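K.L.:
In UniProt numbering, the protein residues as written are 1 to 145. Glycine residues also receive a C-beta, built at the ideal position from the N, C-alpha and C atoms. This structure is a prediction, so every number in the text was calculated from the model and none was measured.
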Amino acid sequence: MAIDGSGPRRPGTAAAEFDAYLREFRAGGYPVARVVHVACARCGGSEFGVRVDDEAGYVDRTCHLCGDRWVMLDALDVAEDADPGDAACLCGGERFDVAVGFALREDGEVRWVSVALRCTADGVIGVYADWKIDYSPSGHLMARV
Numbered sequence: 001m002a003i004d005g006s007g008p009r010r011p012g013t014a015a016a017e018f019d020a021y022l023r024e025f026r027a028g029g030y031p032v033a034r035v036v037h038v039a040c041a042r043c044g045g046s047e048f049g050v051r052v053d054d055e056a057g058y059v060d061r062t063c064h065l066c067g068d069r070w071v072m073l074d075a076l077d078v079a080e081d082a083d084p085g086d087a088a089c090l091c092g093g094e095r096f097d098v099a100v101g102f103a104l105r106e107d108g109e110v111r112w113v114s115v116a117l118r119c120t121a122d123g124v125i126g127v128y129a130d131w132k133i134d135y136s137p138s139g140h141l142m143a144r145v
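Written out as C-alpha cells, the structure is:
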C-alpha cells in the first residue's frame, strides 16, 4: 500500500486529489484512463468502512450512513477464498472516501484496477489494493465500484 501525506481533509478537493494520485500511481505501471469516485447506491453517502485482501483481489465497502455493504469490482469471484481485513490509516482512522483507477487496454477493456482510500480523519491517500484483470469483456467493472 502506498501512502501519500496529502494533509487534512478539505471538502471539495478529494476528487481532484484522487484523480492526480491515481494517475501518478499508474495502475500496474499503466496509465490510468479513468477514475471512478464511489458513492453509496442506496443513500448517496461517501464515507465507508473498507475491508481488503490485496493478495486475493478482494475489496468490500460499508456505507457509514446507511450500513449498505457492497463487494466491489470482480471481488465476488474470489470472495470464498479471500481473507479480508479492515482497512485502517496510519492515524488509526477507519472511515474513507473511495475511488478506483482503471488502466485500459487498447480495445477499451480494463487491464488493471487500483482501489485508493482517503482517510476522512487526516486526508492521507493510499492505494490499498490493486490487481490485474486478465479477461474480457471487463468494461462492466467500471460500474461495480
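Would you list the residues sitting across from D86 in a DSSP beta bridge?
P.N.:
DSSP lists R51 as partners of D86.
K.L.:
Exposed or buried, which one is G139 when buried takes at least 16 other CB atoms within 10 Å?
P.N.:
Answer is exposed; the Cβ neighbour count stays below 16.
K.L.:
Verify whether the separation of the beta carbon atoms of Y21 and W112 is less than 9 Å.
P.N.:
It is not a contact, given that the beta carbons lie outside the stated cut-off.
K.L.:
By Cβ distance below 8 Å, which residues in the same chain neighbour H39 in space, the five residues on each side in sequence not counted?
P.N.:
Reading the sequence as shown, one finds Ala at residue 39 and not His. Cβ within range, chain order: G45 and S46.
K.L.:
List the endpoints of the continuous beta strand (DSSP E) containing residue 146.
P.N.:
Residue 146 cannot be examined here, being either before or after the span of the chain that is shown, 1 to 145.
K.L.:
Determine the closest residue to V115 out of A121, E109, A103 and G108, with distance taken between C-alpha atoms.
P.N.:
Nearest option by C-alpha distance: A103.
K.L.:
Classify F96 as buried or exposed, calling it buried when 16 or more other Cβ atoms lie within 10 Å of its own Cβ.
P.N.:
Answer is buried; the Cβ neighbour count reaches 16.
K.L.:
For G12, count neighbouring C-beta atoms within 10 Å of its own C-beta (all shown protein chains included) and say buried if the count is 16 or more, exposed if not.
P.N.:
Residue confidence for G12 is low, a pLDDT of 44 falling below 50, so the modelled location carries little weight; the figure read from the coordinates is stated next. G12 is exposed by the Cβ-count criterion.
K.L.:
So P84 packs on E109, CB below 8 Å; how close in whole Å?
P.N.:
Actually they do not touch by this definition, with Cβ atoms about 26 Å apart.
K.L.:
Bridge partners for C63 per DSSP, in chain order?
P.N.:
Bridge partners of C63: F48.
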